[in-house]
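Chains as they are written, first to last, in the numbering used here: chain A, 1 to 281; chain B, 282 to 562; chain C, 563 to 843; chain D, 844 to 1124; chain E, 1125 to 1405; chain F, 1406 to 1686. In this text, a Cβ means the ideal position worked out from N, Cα and C, and glycines have one as well. This structure is a prediction, so every number in the text was calculated from the model and none was measured. Report on one structure; see the data block that follows.
Number of protein chains: 6
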Amino acid sequence: MDFIGADCAFDAADAVIFGAPYDSTTSFRPGTRFGPSAVRSESFGIETYSPYQRKDLAEDARVHDAGDLELPFGAPDRALEAIEAKAAEILDAGKVPVLLGGEHLVTLGAVRAAAKRFPGLRIIHFDAHADLREDYLGVRLSHACVMRRCHDILGDGRIWQFGIRSGTRDEFAFMESGHVKTEPFSAETLSSLSFPEAPPVYLTVDLDVLDPSEFPGTGTQEAGGMRFADLLARLLDVFARFNVVAFDNVELSPSLDPSGRSTALACKLLREELLALRRRG
Amino acid sequence: MDFIGADCAFDAADAVIFGAPYDSTTSFRPGTRFGPSAVRSESFGIETYSPYQRKDLAEDARVHDAGDLELPFGAPDRALEAIEAKAAEILDAGKVPVLLGGEHLVTLGAVRAAAKRFPGLRIIHFDAHADLREDYLGVRLSHACVMRRCHDILGDGRIWQFGIRSGTRDEFAFMESGHVKTEPFSAETLSSLSFPEAPPVYLTVDLDVLDPSEFPGTGTQEAGGMRFADLLARLLDVFARFNVVAFDNVELSPSLDPSGRSTALACKLLREELLALRRRG
Amino acid sequence: MDFIGADCAFDAADAVIFGAPYDSTTSFRPGTRFGPSAVRSESFGIETYSPYQRKDLAEDARVHDAGDLELPFGAPDRALEAIEAKAAEILDAGKVPVLLGGEHLVTLGAVRAAAKRFPGLRIIHFDAHADLREDYLGVRLSHACVMRRCHDILGDGRIWQFGIRSGTRDEFAFMESGHVKTEPFSAETLSSLSFPEAPPVYLTVDLDVLDPSEFPGTGTQEAGGMRFADLLARLLDVFARFNVVAFDNVELSPSLDPSGRSTALACKLLREELLALRRRG
Amino acid sequence: MDFIGADCAFDAADAVIFGAPYDSTTSFRPGTRFGPSAVRSESFGIETYSPYQRKDLAEDARVHDAGDLELPFGAPDRALEAIEAKAAEILDAGKVPVLLGGEHLVTLGAVRAAAKRFPGLRIIHFDAHADLREDYLGVRLSHACVMRRCHDILGDGRIWQFGIRSGTRDEFAFMESGHVKTEPFSAETLSSLSFPEAPPVYLTVDLDVLDPSEFPGTGTQEAGGMRFADLLARLLDVFARFNVVAFDNVELSPSLDPSGRSTALACKLLREELLALRRRG
Amino acid sequence: MDFIGADCAFDAADAVIFGAPYDSTTSFRPGTRFGPSAVRSESFGIETYSPYQRKDLAEDARVHDAGDLELPFGAPDRALEAIEAKAAEILDAGKVPVLLGGEHLVTLGAVRAAAKRFPGLRIIHFDAHADLREDYLGVRLSHACVMRRCHDILGDGRIWQFGIRSGTRDEFAFMESGHVKTEPFSAETLSSLSFPEAPPVYLTVDLDVLDPSEFPGTGTQEAGGMRFADLLARLLDVFARFNVVAFDNVELSPSLDPSGRSTALACKLLREELLALRRRG
Amino acid sequence: MDFIGADCAFDAADAVIFGAPYDSTTSFRPGTRFGPSAVRSESFGIETYSPYQRKDLAEDARVHDAGDLELPFGAPDRALEAIEAKAAEILDAGKVPVLLGGEHLVTLGAVRAAAKRFPGLRIIHFDAHADLREDYLGVRLSHACVMRRCHDILGDGRIWQFGIRSGTRDEFAFMESGHVKTEPFSAETLSSLSFPEAPPVYLTVDLDVLDPSEFPGTGTQEAGGMRFADLLARLLDVFARFNVVAFDNVELSPSLDPSGRSTALACKLLREELLALRRRG
């Protein structure tokens, strides 16, 4: 079953969805492995038309849904290799990979692929958690370290974080040392970021950046988050002003929200992102 | 069991509650049939007194609760006939029908009764969804078409929609052609509607107009909705400035919200509506 | 997504699964519309191999999964036409239709198709409820009447019911008048049914025949039901001794069982039925 | 809303249902206060006809439903007084009180009323727990002490317990000293109890005597319990051979069983009990 | 298991957490007895570091966790005595008692202890409900009366209420007569309260003051509540400007919120309160 | 918080409980990481006294609860090392390790420790699943391979499996080749196993060997399982006739069973096992 309106053949597509149903390093409450399939099946509860952008996914976008990777639980290094390979395949075909998590660690696979192909890559990162630990109980390939691993690749000043409202003292010190640029709690400074030419950007959205009242379906909920309308406006701005070469939505854990509204929100957000993506060529 | 404070005899009442526990055409997740009974039984968790209006349902309003209709699942035409008959009986007694859904289709029965008795009838419609389809999988008596069927009766310019944030391209084109007046996403223009004399109004509140964080207990949740405080203020304004001759609250699906707060909110909103209703004669 | 192991092309298949996600006439708690998709997605939690029959679905059976019909809620007559048409198409290709409900009413569509093609058709019916009402609140196309409608087609003595433990006094009188043959509460007499030549049989399994402890995921639960091991043994006997020309499993309502074991059981039972089916030609 | 089929006027009734929605002394997981209302509202999911007894509640029994008592939480002595008064009123009218709990403590109120009116009263007690503590954290009016309080009234040899499979060493010593007669784990000796004349019996059924697989909706679940079919047979035997002057079903906690089958079972069991009750006069 | 970071020995601590897992007088939906244990076990899902205050619970505060009291259900007077004794022991050691409920009645025990030791004690009270009834069904020691009982001790003008949005006409009349100072719906006037010297304050936070969208895990949910960010800011202001000698957080009922975010919020709020508390000596 | 009655100091104990809250290789639905803490906190809902064995955990057994290991998610090899080290420490002190899972993989750590110390070690294995795969998606340290890894250590004929009712064709072929001794579906042959001297036995109980009706709280539910009473009798027989040198209970996933009865059963089973264990010295 494809995501609603994502019925374009691979060759004709501008963007390609693929799922990484993986949550093997999750330290608190697992369940994000069911995110991608929930997003697909529940997408039939939303419309393909967006009144926000006045565009229709079935008519105004060319999206292919490549299904889910089969990833080995208990072997994060091999899972990341598979994710990197898939993202590389899509990028090499001149398309935008759209990765659905799974836990946040999966981002690392796609970032590795993108960084190799876009030397000036930057990351725009929405999240409640800093994810900047050097290691977690000795494990370096952990969801809690994913942005630190991205920093290992990209270096200082290339990662912009928004909405962060949880972390250790060490993580906040790391931010304040300028290794990454972080706006805690909100994303108001995003609009003032500007560049002569739109740089290549990897956009990663940990959906727990949203307030848990609007998005309870995630493993580690942090009160005091962003509202959907605010996040949507920020993301549309990112797509309008930057060259988003790949993006992901991660950390939806459907069964933690029996009402189903978290999955419905994730579907709607993905529709908006796909419609906001710049058409290739 | 009556709704709390609704213990007036029929003859002495200004308003008469009746339930239409029907969800036979629901296309996504059913369950609204349990709305009316949940509202009654959970109403004992709220007070009869409103600090918003400084009035008490047990002392300052005269409301009768007529219980639920028994409606045949799988036969929408006959269900609507039964709803129309009940609403007609109440209207003919000079009282205000207060219809509790059930799916939104039930509104059509009550609107039919009201339109026959109030020639200049207008509809004020709060909803996340336009409900303006000509048909749904070939079915014209569907929740997804209910406002289109109302438009069939009332004609152009008589339906005002607020809060709409989902629909097909065709539905939005229908709005933009002026058949109905729609403010998408919000209800700010409502306060500027004014008339020399208060016209007769049928008020229909699809509770999914609220943000799913505040009202998750509904089948098709749309992120980015109205807040309770805003909706309450708008509704009090409607009751103050218009001649509401009948109204309904629909699409509560209690079991989708295990916390029970959606039902509690529906109880509180109904209390406020009943207190805001103009006294007859 | 196909049912696990059901990856045979239509032309090469002996059996063809199709879903009828319909619950529009359900009188108590709806939700069976999500049965077919749940069975497919959760089937990946079971193995293709059966230690009961020592056969493997991927190697020892030829099954095609034709997906779900799109059925109009609120229009039972049209839904039944679509089901009949699909079953007819499969039967006319010399294959066995395997219908996944949905509510029990969907059986009627498939029985209509089978009865036209197999003049001596009999029905073997496992259920907690008699489903023999003449009408339900005036509606004749209701889940509560489905076996009565089948009796309208087949006539007396052609329907054998097992496990029935709920019904009205009128329904039990109808049984006792010999219109249908019913063993209430259990299925012990099934093994004594025998025929010189295996007659064509439509097998319909309302999963609520099982005890609610083993199968809580259904809308109208009746304590005192059959155990899985007993039901499985009875069904294997049916497939061994009769010519099952079509069969269905109905009334799984996944969301009523948060543990998911009802869906898991339904997957396992379907695997066993598919493996027990006689190979064509 | 009355229990299904219990629509007889008080004066004409043989049996009178009343609810005691009380769980103030519950030591583990509360929630039984919602038992009586759940039994009433869910009773519309069962039939009035019993194929077990071939009788119909609407035709073959005369039952009045007196609704629920309003009981003060935090004041067990006053709650018991209210229960005793209600049971006394029913007994004095020559009718059988049918008490729906609530926690097991409520039984004490009804036993007090019955013991005053039937000097030779015996208690038949089905339960997973002995409920024979002298006190619980110093509180003597506790659900954990209810049968000990009954023993205070009736004295040795008048209480017969079945199905008990949990208790302290002291409670089992109390049984073994002969103060009460207890068959642990099962109820096989019940059929051998016999008397020249049917003595007056108060029957109390703590529904957790059932196996938690069949009846999960109770606060303190004990694996290894009785099956519904066995319990039903035992109860029908009690009603057939003894003069049941009052009875109760207690400890249903609906929200602990999201599938709803515990409430459905409680409804069915109550139907059978009401049909099995001897007609007065 | 201690609350995260609360690993200081009693003698060295500035603040001492203790739980009162009691909900015996709860009139609607019980369950707050599980609040304290849920807060402890789920606290491991948050960090000890606060980016709001830039302090770390493990390094910048000295907190002891004394575990839970064992309280007798069904005997509110004795439960309150135990709570008062524990609070007194902590106060007499020169430390701040931090009481975790349980229902709101438990506050009375701690207020009794504080009032005896701080003659000029004032109460700052956040709540959705006034809790000012003289009695509830004749019971004076009820959660619905707790602030009235506190008023019995402190007298007029010493209790300041914020966020109240539910009560009877009598309760609102009591406020308006000046016995207590109440800002309904919000807490904007709090910042204008000022004193030459910081008076001793007992702070009681009924968590249902929050909007049910952010905090659904409570028994009696009232739409239209405060937001987490606003409440946090108000509380930090209280700790900054007043001499908080004891405080409590009550009415978390974990099982009403299957997503777990209410408990997560309660953990985070407690961390912030503990970090905001003035260091002793 | 210790398991109820397990309040013996380490040095004085005969048995030592420790938890391995790990589910990193779980291939279907994770959640067993919460098993150990749920068993501890819910153990206060059962009694310490067993009417089955007429012994009391607080008086007749000497059990220490060592709490939970902190295990790194995403690094199964290191997790197993930690488990082996803990089991070795307990064995070297002459005590019986009692391991609470977590997923079934954790067993391997404890078996490694036991096999090194007891050369003739045998394994008695209750499970619904064979767990005999050579690898799972290329991962050899997976829950689906755990008994195969144990076979790597112990060799042919030393593992006895009971209750197995799911596996691949290859796994059943492996059994039938005599590498392990398997009784599928049940455990009737267990009583006929006998030895001149009681050999050292590692007992591993995957709780999904139970029927899902009695134990729904596990990730991969297989209909047709054992009943609690049968399993208990078998286990008491194992403890009576063999020298159990270590044992485990694994695969409880509490959140899959909202009724809580799976955890309650796991507590009760553990109590019985601890009471059945032979006293050391």
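Helix, strand or coil: how does DSSP classify residue i here?
i, result
"A:Ala200", "Reading off the sequence, residue 200 of chain A comes out as Pro, not Ala. Reduced to three states, the DSSP call for A:Pro200 is strand."
"F:Phe1423", "strand"
"C:Glu745", "strand"
"F:Ser1571", "strand"
"F:Asp1497", "helix"
"B:Arg403", "strand"
"D:Ala1089", "strand"
"A:Ser177", "coil"
"A:Gly109", "helix"
"C:Ile715", "helix"
"C:His705", "helix"
"A:Leu69", "coil"
"E:Ile1170", "coil"
With a CB to CB cut of under 6 Å and the five nearest residues on each side skipped, what residues in its chain are close to residue i?
i, result
"D:Glu1026", "Phe1005 and Thr1032"
CB-CB under 8 Å to residue i, same chain, minus the five flanking residues each way: which ones, in chain order?
i, result
"F:Ser1375", "No answer is possible for residue 1375 of chain F: it lies beyond the span of chain F, which begins at 1406 and ends at 1686."
"A:Gln53", "Leu236, Glu272, Leu275 and Ala276"
"E:Val1333", "Phe1250, Asp1251, Ala1252, Phe1286, Gly1287, Gly1349, Met1350 and Leu1355"
"F:Val1606", "Leu1526, Arg1527, Ile1528, Ile1529, Val1643, Phe1647, Asn1648, Val1649 and Val1650"
"B:Pro280", "Outside the shown range of chain B, which is 282 to 562, sits residue 280 of chain B, and nothing can be said about it."
Beta-carbon of residue i versus every beta-carbon of chain H: anything under 8 Å?
i, result
"F:Ala1480", "In summary, chain H is missing from the structure at hand, where the protein chains are A, B, C, D, E and F."
Report yes if the CB atom of residue i is closer than 8 Å to the CB atom of residue j, and no otherwise.
i, j, result
"F:Leu1485", "F:Gly1514", "yes"
"F:His1556", "F:His1530", "no"
"F:Glu1539", "F:Thr1430", "no"
"B:Val392", "B:Ala301", "no"
"D:Ser870", "E:Phe1152", "no"
"B:Asp487", "B:Val531", "yes"
"E:Phe1242", "A:Ala223", "no"
"E:Ala1211", "E:Ala1237", "yes"
"F:Ala1487", "F:Leu1505", "no"
"D:Ser886", "D:Phe853", "no"
Between residue i and the rest of its own chain, which residues show a CB-CB distance below 7 Å, the 5 nearest in sequence each way excluded?
i, result
"A:Ala289", "Any question about residue 289 of chain A goes unanswered here, given that chain A covers just 1 to 281."
- Using Cβ-Cβ distances below 8 Å, what residues of the segment 236-261 of chain A are close to chain B? Hits within the stretch, in order: Pro258, Ser259, Gly260 and Arg261.
- Which residues, in order along the segment 1386-1401 of chain E, keep a beta-carbon less than 7 Å from a beta-carbon of chain A? So the close ones are Ala1388, Leu1389 and Lys1392.
- Contact residues within the segment 290-320 of chain B, judged by C-beta distance below 8 Å to chain D: Residues passing the 8 Å Cβ filter: Ser318.
- Task: For the segment 209-239 of chain A, enumerate the residues whose C-beta is nearer than 8 Å to any C-beta of chain B, in chain order.
- Result: Result list: Asp211, Ser213, Glu214, Phe228, Ala229 and Leu232.
- Message: If the cut-off is 7 Å on Cβ atoms, which residues from the segment 1256-1282 of chain E count as contacting chain D, listed in chain order?
- Response: Answer set for the segment 1256-1282 of chain E: Leu1261, Gly1262, Val1263, Leu1265 and Ser1266.
- Scan the segment 1563-1577 of chain F for residues whose Cβ lies nearer than 9 Å to a Cβ of chain C and list them as they occur along the chain. Listed by position along the chain: Ile1569, Arg1570, Ser1571, Gly1572, Thr1573, Arg1574, Asp1575, Glu1576 and Phe1577.
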